[in-house]
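Protein chains in written order, with this note's numbering: chain A, 209 to 322; chain B, -13 to 99.
Built from N, CA and C at the ideal position, the CB exists for glycine as well.
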Amino acid sequence: EAGVTQSPRYAVLQEGQAVSFWCDPISGHDTLYWYQQPRDQGPQLLVYFRDEAVIDNSQLPSDRFSAVRPKGTNSTLKIQSAKQGDTATYLCASSLEGAAETLYFGSGTRLTVL
Amino acid sequence: AQSVTQPDARVTVSEGASLQLRCKYSYSATPYLFWYVQYPRQGLQLLLKYYSGDPVVQGVNGFEAEFSKSNSSFHLRKASVHWSDSAVYFCAVTLTGYQNFYFGKGTSLTVIP
């Protein structure tokens, strides 16, 4: 069974540039999460979906970040105008519906904003 | 405020020694509790989880954790560590009926051969 796939693995950009991250969850997993993991910190939830619906995006900086999952499978997270403070690893995870189901993580995209 | 605390940012032990990594949580209700491990340049992987019942739960690779309601803790243990256990370990919680997970800041474990 294929795991959670993320691309790209790395991204380096200047402040003000845009970037998109892509995630392909485990087949059949209806819940998909995007986490931001700053260096030497734990993952912090940005947004999560059940199927194509956003369940919680309260921690997503809505002025610059957006996330979609149009068909309830793959998902894209986009930063419109990156800031140095966005430097972090962006992790995608998926799970089956149900309270406290195991999260399965991708390897992440390491973003550096210069 | 709800929180997950891992008080030790870095732990160094010798190969073959025993290990305990600490985790304390602050929630109004008993949460579901997890330990995840992150190897370099990889995503997080589940070690073990606790929902209810026996407070000592067994995980992969000889890890176990003990839930203590009175201490609001969920400490991770291993009787004898191997150099390959070097990684970052995260404690995480979620609440009944929710799917939002909260992670601690992690403990970086270095095992000296």
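Delimiting residues of the beta strand (DSSP E) encompassing residue i
{"i": "Cys300 (chain A)", "result": "296 to 303"}
{"i": "Phe273 (chain A)", "result": "273 to 276"}
{"i": "Tyr22 (chain B)", "result": "18 to 24"}
{"i": "His61 (chain B)", "result": "59 to 64"}
{"i": "Glu50 (chain B)", "result": "50 to 54"}
{"i": "Trp242 (chain A)", "result": "239 to 245"}
{"i": "Leu35 (chain B)", "result": "In the sequence as presented, Leu is not what sits at residue 35 (chain B); that position holds Lys. Here the beta strand (DSSP E) through Lys35 (chain B) covers 30 to 36."}
{"i": "Ser266 (chain A)", "result": "No beta strand (DSSP E) contains Ser266 (chain A), which DSSP labels as neither H nor E."}
{"i": "Phe76 (chain B)", "result": "73 to 80"}
{"i": "Arg318 (chain A)", "result": "317 to 321"}
Alpha-carbon spacing of residue i relative to residue j, whole angstroms
{"i": "Leu33 (chain B)", "j": "His61 (chain B)", "result": "13 angstroms"}
{"i": "Thr310 (chain A)", "j": "Ile98 (chain B)", "result": "31 angstroms"}
{"i": "Pro246 (chain A)", "j": "Pro216 (chain A)", "result": "17 angstroms"}
{"i": "Gln31 (chain B)", "j": "Ala210 (chain A)", "result": "15 angstroms"}
{"i": "Ser56 (chain B)", "j": "Arg8 (chain B)", "result": "15 angstroms"}
{"i": "Gly316 (chain A)", "j": "Gln288 (chain A)", "result": "19 angstroms"}
{"i": "Leu253 (chain A)", "j": "Ala275 (chain A)", "result": "13 angstroms"}
{"i": "Phe273 (chain A)", "j": "Gly39 (chain B)", "result": "41 angstroms"}
{"i": "Pro251 (chain A)", "j": "Val(-1) (chain B)", "result": "25 angstroms"}
{"i": "Asn282 (chain A)", "j": "Cys231 (chain A)", "result": "6 angstroms"}
{"i": "Cys77 (chain B)", "j": "Tyr22 (chain B)", "result": "6 angstroms"}
Cβ-based burial, residue i [other Cβ within 10 Å; buried from 16]
{"i": "Pro278 (chain A)", "result": "exposed"}
{"i": "Ile220 (chain A)", "result": "Reading off the sequence, residue 220 (chain A) comes out as Val, not Ile. Exposed, since its Cβ has fewer than 16 Cβ neighbours within 10 Å."}
{"i": "Trp69 (chain B)", "result": "exposed"}
{"i": "Lys291 (chain A)", "result": "exposed"}
{"i": "Leu322 (chain A)", "result": "exposed"}
{"i": "Leu268 (chain A)", "result": "buried"}
{"i": "Pro17 (chain B)", "result": "buried"}
Residue i and residue j closer than 8 angstroms at C-beta
{"i": "Tyr37 (chain B)", "j": "Leu81 (chain B)", "result": "no"}
{"i": "Leu5 (chain B)", "j": "Lys91 (chain B)", "result": "no"}
{"i": "Val74 (chain B)", "j": "Val(-10) (chain B)", "result": "no"}
{"i": "Trp242 (chain A)", "j": "Val262 (chain A)", "result": "no"}
{"i": "Gln(-8) (chain B)", "j": "Thr93 (chain B)", "result": "yes"}
{"i": "Lys35 (chain B)", "j": "Phe20 (chain B)", "result": "yes"}
{"i": "Ala296 (chain A)", "j": "Val212 (chain A)", "result": "no"}
{"i": "Leu304 (chain A)", "j": "Phe313 (chain A)", "result": "no"}
{"i": "Ser66 (chain B)", "j": "Lys10 (chain B)", "result": "no"}
{"i": "Gly236 (chain A)", "j": "Glu260 (chain A)", "result": "no"}
Residue i beta carbon near the ligand HEM (any heavy atom closer than 7 angstroms)
{"i": "Trp21 (chain B)", "result": "Within the structure as shown, the ligand HEM is missing, as the structure has no ligands at all."}
Counterpart residues of residue i in DSSP-defined beta bridges
{"i": "Trp230 (chain A)", "result": "A:Ser215, A:Thr284"}
{"i": "Val97 (chain B)", "result": "B:Val(-1)"}
{"i": "Ser(-11) (chain B)", "result": "B:Ser12"}
{"i": "Gln44 (chain B)", "result": "B:Glu50"}
{"i": "Leu7 (chain B)", "result": "B:Leu62"}
Within-8 angstroms CB hit, residue i to chain D
{"i": "Phe76 (chain B)", "result": "Although the question refers to chain D, the structure presented lacks it and instead comprises the protein chains A and B."}
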